[in-house]
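Using numbering that gives the first Met the number 0, the first residue of the sequence shown is number 0, and each one after it goes up by one.
Working notes, structure below.
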Amino acid sequence: MIRRKKKKLKILYMVVIVIIILSLSVGYSLFVESINIFGSATSMPIISGPDLDINLIPNGSIYTNGTYPAKSIIFQSETLNSNELTVNYTRDGTTGKRNNISISINFTNKYHLNLTSGTTSSQIISGTQITNLSSVLSKTVLIPNEQGTLTVNFTNTNKSGANLRIAMSYIVNGITQSFYYNVIIV
Numbered sequence: 000m001i002r003r004k005k006k007k008l009k010i011l012y013m014v015v016i017v018i019i020i021l022s023l024s025v026g027y028s029l030f031v032e033s034i035n036i037f038g039s040a041t042s043m044p045i046i047s048g049p050d051l052d053i054n055l056i057p058n059g060s061i062y063t064n065g066t067y068p069a070k071s072i073i074f075q076s077e078t079l080n081s082n083e084l085t086v087n088y089t090r091d092g093t094t095g096k097r098n099n100i101s102i103s104i105n106f107t108n109k110y111h112l113n114l115t116s117g118t119t120s121s122q123i124i125s126g127t128q129i130t131n132l133s134s135v136l137s138k139t140v141l142i143p144n145e146q147g148t149l150t151v152n153f154t155n156t157n158k159s160g161a162n163l164r165i166a167m168s169y170i171v172n173g174i175t176q177s178f179y180y181n182v183i184i185v
């Protein structure tokens, strides 16, 4: 009889101790604000909307790189607004001579996902003196943190201003997203 009583008491103590240990560990985990991960882990960003989120790489204090012949265009300013970069130039004279102009921007993939199926489209919004407008991406697939370049080439005669719009698009996790590069010549 005493043995049974001791055995029941022993089981009761063990159940109470297990309940206390579980309560403490669960309670502690509910109040701890951090999590320790041993190894590696990445968070997956929520991909939504049409805006391609990239990191532009500055060239000094601006993002645009370019080669301009003498008496062609002069850089004035640059504005970055969300997923749109606008660069402003003025005409350096009105010679009527054909000037081949090449400008580019460098960028990196800031997503933890690959950017795939990279394409560009170029459009002359206004200006009758622009010819041979083309744009090309250095890489159509970018892994995370990899660098790419968008290059825009055109011929301008400087007789009038122009407004160009270049769209750079990649597929991110099944969603097509775009970044816009506007070139304004006044």
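Ideal Cβ placement from N, Cα and C applies to all residues, glycine included.
Predicted model only: the values in this text are computed from it and were never measured.
Asked                                                                                 : Found
Start-to-end residues for the alpha helix (DSSP H) that takes in Leu23                : Ile1 to Phe30
Reduced DSSP category for Glu145 - H, G, I as helix; E, B as strand; rest coil        : coil
Through-space distance from Phe74 to Ser101, alpha-carbon basis                       : 13 Å
Per DSSP, the bridge partner or partners of Leu136                                    : Leu149
For Ile165, three-class secondary structure by DSSP                                   : strand
Contact set for Lys96: own chain, Cβ-Cβ below 8 Å, skip 5 residues either direction   : Lys70, Thr156 and Asn157
Euclidean distance between Cα positions of Leu51 and Ala166                           : 10 Å
Nearest neighbour of Asn131, chosen from Thr115, Ser137, Thr119 and Phe153 [CA to CA] : Phe153
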